[in-house]
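Beneath this line is the structure, given in structure tokens, with notes to follow.
In UniProt numbering, the protein residues as written are 1 to 219.
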């Protein structure tokens, strides 16, 4: 493991993964901060959202992942056909995702667009970095929700147009406003990384009807 890998925290309580929605085709679960989305290779990293959920729903399949330090909403499919449909919808950007984050400092303006190409920083993986020559196109929309004078922090609503690894974290750090607690990208240490997947909107893969799910951030 690279020396810059993020430290694995002790697994949360066994009841930490909440199932917010269940039907015959899909599950919507709430991932706690500090838990892996899928099992890691090392024995001490086997605990994960997927393994916890599969104890109750053995057929459940991961559709997408969140960083270990990120909390919030994740979709899981309950059959292969639904997994395929949701994977296609994600690839086609037909599933809307919104996050909330606390960032250091006061962000100028009320909304904006961060468009910076990203690539893996291989000598320091899993870090990602901006590379204007060979980086992959990466775009994030942001909107100010609140500026907190007492803490000198800004609460942002974030919408990733693309889905690169660590995209929101790198984009905000590059603007000079790293996510609170994200020491991996230059922030001051805090109790947690204040990034939460707060909302999902999609057309249900079985009915075609629009559905949406929300989860309030715990910070």
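Glycine residues also receive a C-beta, built at the ideal position from the N, C-alpha and C atoms. Since this is a predicted model, take the numbers as computed values, not measurements.
Contact holds between the stretch 97-110 and the stretch 170-186, because three or more Cβ pairs, one in each stretch, are under 8 Å apart. Per the DSSP secondary-structure output, residue 50 pairs with nothing in a beta bridge. Residue 176 and residue 71 have their C-alpha atoms roughly 23 Å apart. Considering only 52, 22, 21, the residue with the shortest C-alpha distance to residue 36 is 52.
In terms of Cβ geometry, residue 29 and residue 18 form a close pair [threshold 9 Å].
Taking every protein chain shown into account, the CB of residue 188 has fewer than 16 other CB atoms within 10 angstroms, so this residue is exposed. Boundaries for residue 82: no beta strand (DSSP E) harbours it, while the alpha helix (DSSP H) harbouring it runs 80-91, taken from the DSSP string. Of the other Cβ atoms in all chains shown, 16 or more fall within 10 Å of the Cβ of residue 171; this residue is therefore buried.
Three or more Cβ pairs closer than 8 Å define a contact, and the stretch 52-67 meets that threshold against the stretch 76-88. DSSP, read as helix, strand or coil, puts residue 123 in helix. In this structure the stretch 89-101 touches the stretch 192-205; the number of beta carbon pairs closer than 8 Å is three or more. Counting only residues of its own chain and dropping the five nearest sequence neighbours on each side, residue 31 has a CB closer than 8 Å to the CB of 17, 37, 49, 66, 70, 71, 72, 73, 74, 197. With fewer than 16 other beta carbons inside 10 angstroms of its own, residue 123 counts as exposed.
For residue 98, the enclosing beta strand (DSSP E) stretches over residues 96-104.
According to the DSSP assignment, residue 170 belongs to the alpha helix (DSSP H) that extends over 167-174.
Sequence-distant partners of residue 24 (beyond 5 residues in either direction) whose C-beta falls short of 8 Å from its own C-beta, in its chain, are 78, 206. Rounded to the nearest angstrom, the gap between the Cα atoms of residue 191 and residue 116 is 28 Å.
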